[in-house]
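Trainee:
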Amino acid sequence: MRIGAQLYTVREFCQTPDGFAEALRRVADIGYRYVQVSGTCAFEGPWLKEQLAKNGLACVLTHTPADRLKGDLPGVMADHQAFGCPRVGLGWYSFDAEKGESYERFIETYRPIAREIRERGGYFMYHNHDQEFRRIGDRLVIERLAEDFPAEEMGFTLDTFWVQAGGGDPAQWLERLSGRVPCIHLKDYAYGRKMAVIGEGNINFDRVFEKAEAGGAEYMLVEQDDCNGEDPFDCLRRSYAYLTSRGFV
Numbered sequence: 016m017r018i019g020a021q022l023y024t025v026r027e028f029c030q031t032p033d034g035f036a037e038a039l040r041r042v043a044d045i046g047y048r049y050v051q052v053s054g055t056c057a058f059e060g061p062w063l064k065e066q067l068a069k070n071g072l073a074c075v076l077t078h079t080p081a082d083r084l085k086g087d088l089p090g091v092m093a094d095h096q097a098f099g100c101p102r103v104g105l106g107w108y109s110f111d112a113e114k115g116e117s118y119e120r121f122i123e124t125y126r127p128i129a130r131e132i133r134e135r136g137g138y139f140m141y142h143n144h145d146q147e148f149r150r151i152g153d154r155l156v157i158e159r160l161a162e163d164f165p166a167e168e169m170g171f172t173l174d175t176f177w178v179q180a181g182g183g184d185p186a187q188w189l190e191r192l193s194g195r196v197p198c199i200h201l202k203d204y205a206y207g208r209k210m211a212v213i214g215e216g217n218i219n220f221d222r223v224f225e226k227a228e229a230g231g232a233e234y235m236l237v238e239q240d241d242c243n244g245e246d247p248f249d250c251l252r253r254s255y256a257y258l259t260s261r262g263f264v
């Protein structure tokens, strides 16, 4: 398994093209060679290809705005092909019917999108938060998703923090979703429901690493949405140091 950085961690630095380019340089200087693009300013696919190459980076996953997935999927796929990323991710869905985001609406909207992404040579990835661990009827939302989407059309970017926040066991869910979690979000969980640098919280990463490898995970992407007032690049650096000390590169 290879380690990478989820750029959502440093999103505040990526809101202009110049800032985005500088953030890529700083992430590469830490030692990361793989990134997920998420929460940045708008960009053209060839521009990102150039910036990635300049810094010796590869993009292995994105979080793409829902409006683009629903309204410009050909353009989304053309961009991903330009910078060589096969995985097209959705980062959020509330599953709140009162907000117009019922479970049924998700299926109606995203099953055709997932199928078309597959037909165009990509792979649709869904990223969980904690709401996927509530029940609709007698089933967890995440269980329903795994049943209602074929594995060849949708994978899961399992987020260790949010699984635990939802009352789940990250390692157990990596095992249950074995074969369809090519990318994981590594995020530690500290007392007080705080997001923490990897190895500085309370998640049992020994089991996470074991189940991730057994389930065929390819990339472990470090993400810390909230750095609790610390420099996010320093948080990425400390997580990188922990993971490389465990033998990952």
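The opening residue of the sequence shown carries number 16 in the working numbering; numbering runs sequentially from there.
For every residue, glycine included, the Cβ atom is placed at its ideal position computed from N, Cα and C.
1. If you compare alpha carbons, which of C29, E27 and G216 is closest to Y206?
2. Which residues does DSSP list as the beta-bridge partners of L258?
3. When you compare each of G54, V42, G214 and E59 to L105 by their alpha carbons, which one comes out closest?
4. For D246, which residues from the same chain have a beta carbon less than 6 Å from its beta carbon, with the 5 sequence-adjacent residues on both sides left out?
5. Please give the ranges of any beta strand (DSSP E) in the region 36-76, keeping only runs that are unbroken, at least 3 residues long and fully inside the region.
6. How is M92 classed by DSSP in three states: helix, strand or coil?
7. Quick one: any contact between the region 55-63 and the region 176-194, if contact means 3 or more CB pairs under 8 Å?
8. Taking only the alpha-carbon atoms, compute the straight-line gap between A20 and R48 and give it to the nearest angstrom.
9. Under the three-state reduction of DSSP, which class applies to K3: helix, strand or coil?
10. Could you check what DSSP says for F263 in three-state terms: helix, strand or coil?
11. Using C-beta distances below 6 Å, list every residue in its chain close to V91, excluding the 5 sequence neighbours before and after it, in chain order.
12. By DSSP, does Y108 sit in helix, in strand, or in coil?
13. Output the distance between the C-alpha atoms of V196 and G181, rounded to the nearest integer angstrom.
14. Measuring straight from C-alpha to C-alpha, what distance separates E113 and R149?
Mentor: So, from the listed chains and residues:
1. To locate residue 206, count along the sequence shown from 1; it is residue 191. Nearest C-alpha to Y206: G216.
2. Stepping through the sequence shown from its first residue, residue 258 is reached at position 243. Answer by DSSP bridge pairing: none, since L258 is not bridged.
3. Counting from one through the sequence shown, the residue named residue 105 turns up at place 90. Distances from the CA of L105 to each of G54, V42, G214 and E59 were compared; the closest alpha carbon is that of G54.
4. Taking the sequence shown and counting its residues from 1, the one referred to as residue 246 is at position 231. Taking C-beta separations shorter than 6 Å and ignoring five residues to either side along the sequence, D246 has no partners in its chain.
5. Those beta strand (DSSP E) runs which fall completely within the region 36-76 and span 3+ residues are 49-52.
6. The residue labelled residue 92 in the question sits at position 77 within the sequence shown. The answer is helix: DSSP assigns M92 an H, G or I state.
7. The region 55-63, when compared against the region 176-194, does not touch it at the 8 Å Cβ threshold.
8. By 1-based counting over the sequence shown, the position of residue 20 is 5. By 1-based counting over the sequence shown, the position of residue 48 is 33. Each residue's Cα considered, the two are about 8 Å apart.
9. No answer is possible for residue 3: it lies beyond the span of the chain, which begins at 16 and ends at 264.
10. Here the question's residue 263 lines up with position 248 in the sequence shown. Looking at F263 - three-state DSSP - the assignment turns out to be coil, as it is neither helix nor strand.
11. To locate residue 91, count along the sequence shown from 1; it is residue 76. Cβ neighbours of V91 beyond the five flanking positions: T79 and R83.
12. What you label residue 108 is simply residue 93 of the sequence shown in a count that begins at 1. Three-state result, Y108: coil.
13. Taking the sequence shown and counting its residues from 1, one reaches residue 196 at position 181. Taking the sequence shown and counting its residues from 1, one reaches residue 181 at position 166. Straight-line Cα distance between these residues: approximately 18 Å.
14. In the sequence shown, counting from the first residue as 1, residue 113 sits at position 98. In the sequence shown, counting from the first residue as 1, residue 149 sits at position 134. Between the C-alpha atoms of E113 and R149 there is a straight-line separation of about 16 Å.
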